[in-house]
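Participant: Going by this note's numbering, the first residue of the sequence shown is number 3, and it counts up by one from there.
The structure under discussion is supplied below as structure tokens; questions concerning it will follow.
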Amino acid sequence: MGYHLCIDETALSKGDLYTILINRDKRGRKGSIIAAIQGTKTDDIIAVLTKMPQELRNQVKEITLDMAGSMQKIAKTCFPRAMQVILIGFMYKNLYMKLYKSCALHIDGK
3 MGYHLCIDET ALSKGDLYTI LINRDKRGRK GSIIAAIQGT KTDDIIAVLT KMPQELRNQV
63 KEITLDMAGS MQKIAKTCFP RAMQVILIGF MYKNLYMKLY KSCALHIDGK
């Protein structure tokens with residue numbers, strides 16, 4: 003399975019959302035995708051991932067994810083021994099959007 007994983011949501015086609023679990027150690031080569039699960043509902047994703055052997059899931063040392071609470075719950079439940087690493091890009095994007103809205107409110111005087 004790998005020691006360093008990444009989990010994220012993506013749209014593969016119009017409106018079809020998938021949750022993708024990737025082995026970062028493979029660096030995009032063959033075998034990088036561990037699971038592509040249709041949908042993004044937390045309980046559905048956990049149900050699929052917990053079908054993987056516990057011994058393999060316990061070997062994961064690190065899982066990279068975004069700031070969504072649902073992803074954090076999935077990571078904690080399915081990979082309890084892994085350290086969660088939040089992607090910094092998402093934090094910068096959120097900070098930028100809040101700053102932008104604040105400036106827009108200040109300029110508009112509202």
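Glycine residues also receive a C-beta, built at the ideal position from the N, C-alpha and C atoms.
Let me know if N25 comes out buried or exposed under the rule of 16 or more other beta-carbons within 10 Å of its beta-carbon.
Facilitator: When all chains shown are included, N25 counts as buried.
Participant: Suppose contacts are defined by Cβ-Cβ distances below 8 Å. Is L67 in contact with I47 by that definition?
Facilitator: Contact flag unset, no.
Participant: Would a C-beta distance cut-off of 8 Å place I65 and A49 closer than the cut-off?
Facilitator: Result no, Cβ atoms of I65 and A49 do not sit closer than 8 Å.
Participant: Using the three-state DSSP reduction, which class does L58 fall into: helix, strand or coil?
Facilitator: Three-state result, L58: helix.
Participant: Return the CA-CA distance between M85 and K16, expressed in angstroms with no decimal places.
Facilitator: Straight-line Cα distance between these residues: approximately 33 Å.
Participant: Taking T79 as part of the beta strand (DSSP E), name the residues at either end of that continuous run.
Facilitator: Careful: T79 lies outside any beta strand (DSSP E), inside the alpha helix (DSSP H) at 71-80.
Participant: For L23 and G41, I'd like the C-alpha separation in whole angstroms.
Facilitator: Their Cα atoms are separated by approximately 13 Å.
Participant: Take T1 as the anchor and find which of R29, I35, T12, D27 has the nearest alpha-carbon.
Facilitator: Residue 1 falls outside the range modelled here, since the chain spans only 3 to 112, and no answer is possible.
Participant: Which first and last residues belong to the beta strand (DSSP E) in which T21 is found?
Facilitator: Looking at the DSSP string, the run of the beta strand (DSSP E) that includes T21 is 18-25.
Participant: To the nearest angstrom, how far is it from the Cα of Q56 to the Cα of C8?
Facilitator: Taking the straight line from one Cα to the other gives about 18 Å.
Participant: Nearest by alpha-carbon distance to T79: which of K63, T52, V62 is it?
Facilitator: Of K63, T52, V62, the residue nearest in Cα terms is T52.
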